[in-house]
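Residues in the sequence shown are numbered consecutively from 5, following this note's numbering. All residues carry an ideal CB built from backbone N, CA and C; glycine is no exception. Here the structure is laid out as structure tokens; the discussion comes afterwards.
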Amino acid sequence: MSLIESSWKHEYITTNGVKLHYVTQGEGRLMLMLHGFPEFWYSWRHQIPEFAQDFKVVALDLRGYNDSDKPNEQSAYVMDEFIKDIEGVIKGLGYQKCVLVGHDWGGAIAWNFAYTHPEMLEQLIILNLPHPAKFAQGLRTPQQLLRSNYIFLFQLPWIPELLLQSSDYQVIETAFKNTAVNKNAFTQADIDAYKNAAAKRGALTAMLNYYRNIFQQRMLNPSWDVLEVPTLMIWGENDTALGKELSYGTAAYVKDFQIKYIPNCGHWVQQEQPELVNQYMREFLRT
5 MSLIESSWKH EYITTNGVKL HYVTQGEGRL MLMLHGFPEF WYSWRHQIPE
55 FAQDFKVVAL DLRGYNDSDK PNEQSAYVMD EFIKDIEGVI KGLGYQKCVL
105 VGHDWGGAIA WNFAYTHPEM LEQLIILNLP HPAKFAQGLR TPQQLLRSNY
155 IFLFQLPWIP ELLLQSSDYQ VIETAFKNTA VNKNAFTQAD IDAYKNAAAK
205 RGALTAMLNY YRNIFQQRML NPSWDVLEVP TLMIWGENDT ALGKELSYGT
255 AAYVKDFQIK YIPNCGHWVQ QEQPELVNQY MREFLRT
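If you want it as structure tokens, here you go:
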């Protein structure tokens, strides 16, 4: 990665009262990338140089993660604050619109941002995170409740932090290696990067606070209008945390919707199958 990294820039931007770290490459229209749990900007390492050929790519560390600010209050980790963060980043970078790309929690934020500020999006790309209405429906089924049982564990105070950091953050290593279908997707250096990000002071609690507020989030509201923003969903079919069935019927909530399934691929889709993900993104961006 050293040659590619040499043209990446690490920058900071202050928005909504927090200082957020991001990596950027390229010039042109803005493509903003939002990672998931337990990740950071590094999740997009295969996409940044690819799309920097045509865009100003900005891969953000969400609040609470890696080198971004980590507010102490649990109340700082709610959807309204995440949406204000993204609005501030887009405008602070000098843009009125962007292509927004989100995976996992980044996908949840991207969905909600699209509904709140559709005028600020050219196109929306979501990776392995269902539409909020479909996720709310899924949480009423036994199979998805079983897959999402870790969410209930994360509601506990301090115990999840102890579990995540025990044995040199072994749970984080297991989360990537054991759930990936492509076992070669993560080198030990990749795993160490995720561990080091999670080990930064205050990061674990901040990351978990996203889940501790999940039942107060409007993302679980069962009522949603039809989204006007052109949207692509990419879905690794072997996601152990989010069942493929959560993607079914999404077209009822999005006026201009495309979906691409990737077989033999788990939750970490843009890292497990980067070439295919990049291809599907490029095809969608041309439309």
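One Cα belongs to residue 45, the other to residue 37, and the distance between them is close to 8 Å.
Taking a C-beta distance under 8 Å as the contact criterion, residue 65 and residue 26 qualify as a contact pair. For residue 28, the number of other beta carbons within 10 angstroms of its own is at least 16, and it is reported as buried. If you draw a straight line from the Cα of residue 254 to the Cα of residue 60, it is about 29 Å long. Taken atom to atom, the span from the alpha-carbon of residue 107 to that of residue 244 is near 15 Å. According to DSSP, residue 147 shares a beta bridge with no other residue.
Separation of residue 68 and residue 100 (C-alpha to C-alpha, rounded to the nearest whole angstrom) is 25 Å.
The stretch 271–285 makes no contact with the stretch 155–170; the number of CB pairs closer than 8 Å stays below 3. In the three-state scheme derived from DSSP, where H, G and I count as helix and E and B as strand, residue 98 is classed as coil. Residue 241 carries a coil assignment under DSSP once its states are collapsed to helix, strand and coil.
Membership of residue 62 in the beta strand (DSSP E) is indicated by the continuous run 59–64.
Residue 238 and residue 23 have their C-alpha atoms some 30 Å from each other. Following the DSSP letters along the chain, one finds residue 18 in no alpha helix (DSSP H) but inside the beta strand (DSSP E) bounded by residues 13–19. Of the candidates 268, 161 and 176, 161 places its Cα closest to the Cα of residue 216. The C-alpha of residue 179 is placed about 21 Å away from the C-alpha of residue 143. Going by DSSP, residue 126 is part of the beta strand (DSSP E) stretching over 125–131.
In the DSSP assignment, residue 218 falls outside any alpha helix (DSSP H), carrying neither H nor E. For residue 121 and residue 287, the gap between their C-alpha atoms comes out near 24 Å.
Proximity to residue 227 across 140, 233 and 269 peaks at 140, based on C-alpha coordinates. Checking the DSSP bridge columns, you'll see residue 26 partnered with 15 and 64. Every unbroken stretch of the alpha helix (DSSP H) spanning 4 or more residues and falling wholly within the stretch 158–196 is given here in chain order: 163–183.
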